[in-house]
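Notes follow the structure.
Residue numbers (my numbering): 623 to 816.
Put into structure tokens, the structure is as follows:
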């Protein structure tokens with residue numbers, strides 16, 4: 623960053639650090655102890671919709687990479703679109719195998735980044751539930767390199783449990799690099815990995 627950038631108040635964007643995803647399994651232990659949430663075995667990578675042969679080739683590479691695993695139920699990675707026009711690559715694993723799910727999310731992100739689709743990557747998430755069937759996602763913001771919790775209320779009216787989200791942020795602040803700017807805690811309504 624140069625002197626002119628400092629004088630004009632410009633900042634350099636944070637570089638994505640996909641290795642931060644590997645902190646999720648240890649954070650899940652803290653999450654279970656602090657709030658009773660356990661992994662669902664579902665996770666997803668969200669990106670701005672991309673079309674064309676280059677993306678299709680990347681999608682085939684991701685499927686081939688993840689298809690080698692025989693412990694999976696269903697397809698290795700499923701491509702879906704939400705109601706807002708964003709695309710999601712969804713991975714499903716056994717709920718007690720969060721480490722492998724995180725490896726899947728990392729592989730999907732890395733493949734997209736390596737093939738030139740890094741600017742389209744938005745976020746990744748891992749899903750959790752508690753004994754009362756409340757849903758929670760730990761969302762990784764690709765461009766910020768930070769996490770935040772997202773807890774939709776079960777009434778399907780696109781409302782969220784803000785108090786629970788703040789409780790989770792507090793509980794996981796030593797385990798994950800949490801997003802401090804609450805205005806960046808975007809709701810991921812209808813996220814297929816949740």
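Beta carbons: idealized from backbone N, C-alpha and C, even for Gly.
Note that the structure is predicted; figures quoted are calculated from it, not measured.
Who are the near neighbours of residue 652 in its chain, counting only those whose CB is closer than 8 Å to its CB and skipping five residues on each side?
-> In the chain shown, residue 652 corresponds to position 30, counting from 1. Same-chain partners within the cutoff: 793, 794, 796 and 797.
Since I believe residue 771 is in contact with residue 791 (beta carbons under 8 Å), could you give me their beta-carbon distance rounded to a whole number of angstroms?
-> Start at 1 with the first residue of the chain shown, and residue 791 comes out as number 169. Start at 1 with the first residue of the chain shown, and residue 771 comes out as number 149. That belief holds up - the Cβ atoms of residue 791 and residue 771 are roughly 6 Å apart, short of 8 Å.
Along the chain, which unbroken stretches of the alpha helix (DSSP H) at least 4 residues long are found entirely within the segment 662–708?
-> 675–689
Determine the direct distance from the alpha carbon of residue 728 to that of residue 750, and round the result to whole angstroms.
-> Walking along the chain shown from the start, residue 750 turns up at place 128. Walking along the chain shown from the start, residue 728 turns up at place 106. Looking at the two C-alpha atoms, the distance is approximately 18 Å.
Would you kindly report the start and end of the unbroken alpha helix (DSSP H) that includes residue 771?
-> Taking the chain shown and counting its residues from 1, one reaches residue 771 at position 149. Per DSSP, residue 771 belongs to no alpha helix (DSSP H); it is in the beta strand (DSSP E), 768–772.
What distance in whole Å lies between the Cβ atoms of residue 756 and residue 773, which are believed to be in contact at a cut-off of 8 Å?
-> Numbered from 1 along the chain shown, position 151 holds the residue referred to as residue 773. Numbered from 1 along the chain shown, position 134 holds the residue referred to as residue 756. Confirmed, about 7 Å.
Unbroken beta strand (DSSP E) run spanning residue 757, endpoints | For the purposes of this step, residue 757 is identified with residue 135 of the chain shown, where counting begins at 1. Counting along the chain, the beta strand (DSSP E) containing residue 757 begins and ends at 757–763.
Can you tell me which of 659, 734 and 647 puts its alpha carbon nearest to the alpha carbon of residue 753?
-> Counting from 1 along the chain shown, the entry for residue 753 is found at position 131. That would be 659, whose Cα lies nearest to the Cα of residue 753.
Cβ neighbours of residue 650 in the same chain (closer than 7 Å, five flanking residues each side left out) | Here the question's residue 650 lines up with position 28 in the chain shown. Once the five neighbours on either side are set aside, the close Cβ partners of residue 650 are 661 and 720.
According to the Cβ coordinates, are residue 731 and residue 743 closer than 8 Å?
-> Here residue 731 corresponds to residue number 109 of the chain shown, with the count starting at 1. Here residue 743 corresponds to residue number 121 of the chain shown, with the count starting at 1. Result yes, Cβ atoms of residue 731 and residue 743 sit closer than 8 Å.
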